[in-house]
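Chain order of the listed sequences is B and C.
At position 61 of the first sequence (counting the first as 1) the number is 61 in our numbering, and the numbers step up by one without a gap.
Take any residue in the second sequence, count from 1 to its spot, add 115: that is its number in our numbering.
Each residue gets a CB set at the ideal place from its N, CA and C atoms; glycine is no exception.
Remember, it's a predicted structure, so these values are computed and weren't measured experimentally.
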Amino acid sequence: MSGFMEVVISLLIIIGAIFTLLGSLSLLKLPDFFMRLHGPTKASTLGTGAILVASALYFSLTKGEISVHEILITVFLFITAPVSAYMLAKAALHLKLKQQAQTQGQTLSQQEGEG
Amino acid sequence: MFKKLIPHPILSVMLIIIWLLLNNDFSVGQMVLGAILGVVIPIITTGFWPDQVDAQKPWLWVKFFGVVIYDIIAANILVARWILGRSQTLRPAFMELTIELTSPLAISILASTISLTPGTVSCSLSADKRRLLIHSLHVENISIALVQMHERYQKPLLEMIK
Chain B
1 MSGFMEVVIS LLIIIGAIFT LLGSLSLLKL PDFFMRLHGP TKASTLGTGA
51 ILVASALYFS LTKGEISVHE ILITVFLFIT APVSAYMLAK AALHLKLKQQ
101 AQTQGQTLSQ QEGEG
Chain C
116 MFKKLIPHPI LSVMLIIIWL LLNNDFSVGQ MVLGAILGVV IPIITTGFWP
166 DQVDAQKPWL WVKFFGVVIY DIIAANILVA RWILGRSQTL RPAFMELTIE
216 LTSPLAISIL ASTISLTPGT VSCSLSADKR RLLIHSLHVE NISIALVQMH
266 ERYQKPLLEM IK
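Written out as C-alpha cells, the structure reads:
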C-alpha cells in the first residue's frame, strides 16, 4: 500500500471519528428532545459512512481483492436510521414533550399529538 | 409463466446483489446460489408484497441518488456547524409538507430522504397520508424550505414511481 493511500485512509477515519463525536455531542448540547433527534440521524451517517469507505479501501488494498460488503452496512444504516427517528418523534409528539420556546409552528405539533 | 416464476423482478435482482455483497465474493458459484435465492424468496414471501413496484426512468433514480448523497454530505457539515455554534441562536420549527405522492413506497422514500438531509426529521404522517409533519433544527423561512423540499425530492419521486 502506497504512502498516499495511507494518508487518504487515515484522513477518512479521522473525519468519520469527528462527525461521530459531533453526533454524540449534540445529544449533550442541544436544548430539547426534537433538536437532539437531529444529531444521531445525520452527523452519525456521514461519520459511519467515512469510516466504512476507509475500511473498504484498506481491505481492498491490503488483501488484493475487492472488499465491498461495507456498502451493505451503509445501505442498512440509511434505511433504518430514519425509521427509528420517525418512531421516536411520533412517540415524543404523543407525550407532548417540552419544546424550545422559540420553536416555530408549535400549533402543528400540538394538533398531531392529539390526533 | 415468467410472471409466475419471477413475480417481483426488482426484488429478485436486489436479493442477488445483497447476497453477493454479504459474501463479499463474486464467483460463479455464489452467483448461482444468489440467483436461486432471488427466485425462491420472492415466491415464498409473495403474500407480503401485494403491490407490484412500478419503478420508472432508471436515469432519474441515478440522479436522485446522486442528489441525496450530495445533500447528506452538505447537511452533515451544516449540522456540525450548528451543533458547535451557540444553540440559543437556532430557530427550530415544525412545518407541514403537502404530500402529492400516492404509493406507500414513494412516501416512505420521501420521508426517509427528508430525515437524512439538511437539518430536517420527518415526525408524523397524517392518517389520510396527505400531510407530513417535519421538524427542522434551524430554518429562516418556512415556505421557502417547503418549496425546496418539494422541488428537490417530491417532484422526481412523482415521476420515478407510478
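By DSSP, does T217 (chain C) sit in helix, in strand, or in coil? Start at 1 with the first residue of the second sequence, and residue 217 (chain C) comes out as number 102. Looking at T217 (chain C) - three-state DSSP - the assignment turns out to be coil, as it is neither helix nor strand.
Between G234 (chain C) and H38 (chain B), is the Cβ-Cβ spacing less than 8 Å? Working through the second sequence from its first residue, we reach residue 234 (chain C) at position 119. Working through the first sequence from its first residue, we reach residue 38 (chain B) at position 38. Closer than 8 Å, so yes.
Assigned secondary structure, V68 (chain B) (DSSP; H/G/I helix, E/B strand, else coil): For this step, residue 68 (chain B) is matched to residue 68 along the first sequence. Correct three-state label for V68 (chain B): coil.
Can the beta-carbon of T80 (chain B) be found closer than 8 Å to that of G47 (chain B)? Locating residue 80 (chain B) in the first sequence gives position 80, where the first residue counts as 1. Locating residue 47 (chain B) in the first sequence gives position 47, where the first residue counts as 1. The answer is no: Cβ separation not under 8 Å.
Checking 8 Å against the spacing of the C-beta atoms, do N139 (chain C) and S60 (chain B) come in under that value? One-based indexing of the second sequence puts residue 139 (chain C) at position 24. One-based indexing of the first sequence puts residue 60 (chain B) at position 60. Cβ atoms of N139 (chain C) and S60 (chain B): not closer than 8 Å.
Option nearest Y58 (chain B) by Cα separation, candidates B:E70, B:I9 and B:L22: Within the first sequence, numbered from 1, the residue matching residue 58 (chain B) stands at position 58. Minimum Cα distance to Y58 (chain B) is reached at B:I9.
Chain C contacts from the stretch 78-89 of chain B (Cβ-Cβ distance under 8 Å): F78, I79, A81, P82, V83, A85, Y86 and A89
List the residues of chain C whose Cβ lies closer than 9 Å to the Cβ of F34 (chain B), in chain order. The sequence position of residue 34 (chain B) within the first sequence is 34, counting from 1. P207, F209, V236, C238, H250 and L252, listed in chain order.
Which ranges does the alpha helix (DSSP H) cover as unbroken runs of at least 4 residues, wholly within the stretch 177-251 of chain C, from first to last along the chain? 219-231
Using a Cβ cut-off of 9 Å, which residues of the stretch 7-31 of chain B contact any Cβ in chain C, in chain order? I18, F19, L22, G23, L25, S26, K29, L30 and P31
Leaving aside the five residues before and after I156 (chain C) along the sequence, list all residues of the same chain whose C-beta is less than 7 Å from its C-beta, in chain order. Against the second sequence, residue 156 (chain C) aligns to sequence position 41. Excluding residues within five positions, the ones whose Cβ falls inside 7 Å are L130.
Please name the residue or residues paired with A170 (chain C) in a DSSP beta bridge. Against the second sequence, residue 170 (chain C) aligns to sequence position 55. According to DSSP, A170 (chain C) bridges with C:I276.
Can the beta-carbon of V236 (chain C) be found less than 8 Å from the beta-carbon of A85 (chain B)? In the second sequence, the residue the question calls residue 236 (chain C) occupies position 121. In the first sequence, the residue the question calls residue 85 (chain B) occupies position 85. Closer than 8 Å, so yes.
Tell me, please, whether the CB atom of L247 (chain C) is closer than 8 Å to any CB atom in chain B? Numbered from 1 along the second sequence, position 132 holds the residue referred to as residue 247 (chain C). So no, L247 (chain C) is outside the interface.
Closer than 7 Å by beta-carbon distance: list the chain B residues that pair up with K202 (chain C), in chain order. Position 87 of the second sequence holds residue 202 (chain C). As written in the sequence, residue 202 (chain C) is Ser, which differs from the Lys given in the question. What S202 (chain C) touches in chain B: K29, L30 and P31.
Please report the straight-line C-alpha distance between Q100 (chain B) and L152 (chain C), rounded to a whole angstrom. As a working note, residue 100 (chain B) is residue 100 in the first sequence. As a working note, residue 152 (chain C) is residue 37 in the second sequence. Whole-angstrom Cα-Cα distance: 51 Å.
Check for me: the alpha helix (DSSP H) holding T62 (chain B) runs from which residue to which? The residue you call residue 62 (chain B) lines up with position 62 of the first sequence. Start and end: S44 to K63.
For a contact defined as C-beta to C-beta under 8 Å, what are the partners of A170 (chain C) on chain B? On the second sequence, residue 170 (chain C) is found 55 positions in, with the first residue counted as 1. None at all; the shortest Cβ gap to chain B is about 17 Å.
Is there a Cβ from chain C that is less than 8 Å from the Cβ of V53 (chain B)? The residue given as residue 53 (chain B) occupies position 53 in the first sequence. Answer no: the Cβ-Cβ gap between V53 (chain B) and chain C never drops below 8 Å.
Can you have a look at Q102 (chain B) and say buried or exposed, based on whether 16 or more other CB atoms are within 10 angstroms of its CB? For the purposes of this step, residue 102 (chain B) is taken as residue 102 along the first sequence, with counting starting at 1. With fewer than 16 other Cβ atoms within 10 Å, it is exposed.
Compute the distance between the beta-carbons of F34 (chain B) and A92 (chain B), then report whether it is under 8 Å. Taking the first residue of the first sequence as position 1, residue 34 (chain B) is located at position 34. Taking the first residue of the first sequence as position 1, residue 92 (chain B) is located at position 92. Yes, the Cβ-Cβ distance between F34 (chain B) and A92 (chain B) is below 8 Å.
Local conformation of Q269 (chain C) per DSSP, three classes: What you label residue 269 (chain C) is simply residue 154 of the second sequence in a count that begins at 1. Note: Q269 (chain C) maps to helix in three-state DSSP.
Under 7 Å between beta-carbons, which chain B residues line up against I259 (chain C)? List them in chain order, please. Walking along the second sequence from the start, residue 259 (chain C) turns up at place 144. In chain order: nothing, as chain B lies at least about 13 Å away.
What do you get for M264 (chain C), buried or exposed, if any count of 16 or more other CB atoms within 10 angstroms of its CB means buried? Numbered from 1 along the second sequence, position 149 holds the residue referred to as residue 264 (chain C). Buried.
Could you tell me the alpha carbon to alpha carbon distance between I259 (chain C) and D243 (chain C), rounded to whole angstroms? In the second sequence, residue 259 (chain C) corresponds to position 144, counting from 1. In the second sequence, residue 243 (chain C) corresponds to position 128, counting from 1. Approximately 25 Å between the Cα atoms of the pair.
Between which two residues does the alpha helix (DSSP H) harbouring S24 (chain B) extend? The residue you call residue 24 (chain B) lines up with position 24 of the first sequence. Where S24 (chain B) is concerned, the enclosing alpha helix (DSSP H) stretches over G3 to K29.
CA nearest to the CA of L25 (chain B), picked from B:T41, B:H69 and B:M5: By 1-based counting over the first sequence, the position of residue 25 (chain B) is 25. Out of B:T41, B:H69 and B:M5, B:T41 has the C-alpha closest to the C-alpha of L25 (chain B).
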